[in-house]
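Residues in the sequence shown are numbered from 646 upward in steps of one, following our numbering.
Step one of this worksheet: look at the structure below.
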Amino acid sequence: IAADHHNRFTGDTVSSGLAELDALFGGGPLRGTSILVTGPAGSGKTTIALQYLCAACDRKEPCTIFEFDERVATMLSRAEAFNLPLSQHVDDGLLAIQQIDPAEISPGEFAARVRQEVEERGVRMIVIDSLNGYMAAMPQEQQLLLQIHELLSYLSHQGVVTFLINPQHGLVGSMTSNLNISYVADTVVLLRFFEAGGRIRKAISVLKNRSGEHEDAIREFRVDREGVRVGEPLRAFRGILTGTPEYTGATGPLMEDRVDGD
């Protein structure tokens with residue numbers, strides 16, 4: 646029961662190390678809040694969470710990833726390609742990665758693992774990747790929502806920042822999710838593909854933030870071998886919430902490829 650476990654903590658903001666990304670959250674997520682990152686496959690949902698996680702490890706804060714979908718080795722190699730040194734943080738003991746098989750774990754056992762990480766390792770940030778895998782361990786959606794709500798309440802009482810990765814079906818156009826928990830999360834981040842200048846690009850925006858003000862701008866989002874980038878606000882958009890965003894502005898604020906040294 647979440648209400649039986651409460652620790653005092655300072656509700657300060659948590660930085661990703663990227664000012665432009667933190668600005669979307671009004672300075673960064675607050676401790677004790679949950680962030681739902683939703684969007685189609687390949688849009689960069691997990692990478693955003695890993696950016697915040699790596700910054701937390703750099704601050705010497707213990708973190709844990711509960712990986713339901715991707716194999717750990719694949720995730721580590723992909724993170725290294727994006728200049729996110731997860732392997733180093735694992736070697737230093739700051740990061741623990743638990744591969745979860747949803748067919749072999751009950752909701753109660755998963756909750757016990759989360760509590761063990763928080764109370765024994767002093768974890769300050771948790772990434773659950775993804776909710777689809779978590780859902781596979783639950784017999785009914787109603788029970789799933791209750792379990793998630795209670796789990797997030799417990800983590801909030803402990804001052805833990807929680808990232809929930811929520812894949813959506815489809816790549817463009819109208820997209821759906823197996824589970825709508827946007828009302829449970831404190832913050833909702835939306836990622837979308839869009840076309841401009843003959844290229845497929847990505848857009849990022851924050852739809853809600855219970856913990857305070859947030860940007861209502863839509864920004865371009867890119868990930869390359871040097872890491873995450875967030876561009877200037879793109880004001881000449883239409884149709885972003887329909888799932889088929891269209892950029893009608895000039896090339897001006899769109900990001901170009903980085904060259905060595907930039």
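Just so you know, even glycine gets a beta-carbon here, dropped at the ideal spot from N, CA and C.
Predicted model, so just to flag it, every value in this text is computed and none were measured.
In DSSP terms, what residue i is bridged to
i, result
"Gln813", "Pro685"
"Ile742", "Ile710"
"Arg704", "Answer is none; Arg704 lacks a bridge partner."
"Glu840", "Ile845, Glu891"
"Met900", "Note: Met900 sits in no beta bridge, so no partner."
"Ser850", "Leu835"
"Arg883", "Glu891"
"Val806", "Met770"
"Ser679", "Thr807"
"Thr658", "Leu675"
Chain-order list of residues whose beta-carbon lies under 6 Å from that of residue i (same chain, five-residue window excluded)
i, result
"Glu715", "none"
"Phe711", "Gln743, Ile745, Ile773"
"Glu891", "Arg883, Gly884"
"Ile849", "Leu836, Arg864, Phe866"
"Gly894", "Ala881"
"Val834", "Val682, Val851"
Beta-carbon contacts of residue i that lie in its chain and below 7 Å, excluding the five residues immediately before and after
i, result
"Ile845", "Phe838"
"Gly689", "Leu836, Lys847, Phe866, Val868"
"Ala664", "none"
"Ser732", "Leu721, Glu725"
First through last residue of the alpha helix (DSSP H) which encompasses residue i
i, result
"Met780", "776 to 781"
Delimiting residues of the beta strand (DSSP E) encompassing residue i
i, result
"Asp667", "Note, Asp667: premise wrong, no beta strand (DSSP E); alpha helix (DSSP H) at 664 to 669."
"Gly872", "872 to 878"
"Asp869", "864 to 869"
Other residues of its chain near residue i: CB distance less than 8 Å, five sequence neighbours each side excluded
i, result
"Thr832", "Phe670, Pro674, Thr678, Ser679, Ile680, Leu681, Val851, Lys853, Asn854, Arg855, Ser856, His859"
"Asp869", "Phe727, Asp902, Arg903"
"Asp657", "Leu675, Arg676"
Q | Ranges of the alpha helix (DSSP H) found wholly within the segment 714 to 767, counting only runs of at least 4 | A | 717 to 726, 731 to 736, 752 to 766
Q: Kindly confirm or deny that the segment 669 to 678 and the segment 853 to 863 touch, where touching means at least three C-beta pairs closer than 8 Å.
A: yes
(Q) Taking contact to mean 3 or more Cβ pairs, one atom from each stretch, closer than 8 Å, check whether the segment 798 to 811 and the segment 742 to 749 are in contact. (A) no
Q: Mind the definition here: the segment 763 to 770 touches the segment 705 to 714 only if three or more C-beta pairs lie below 8 Å; say whether that holds.
A: yes
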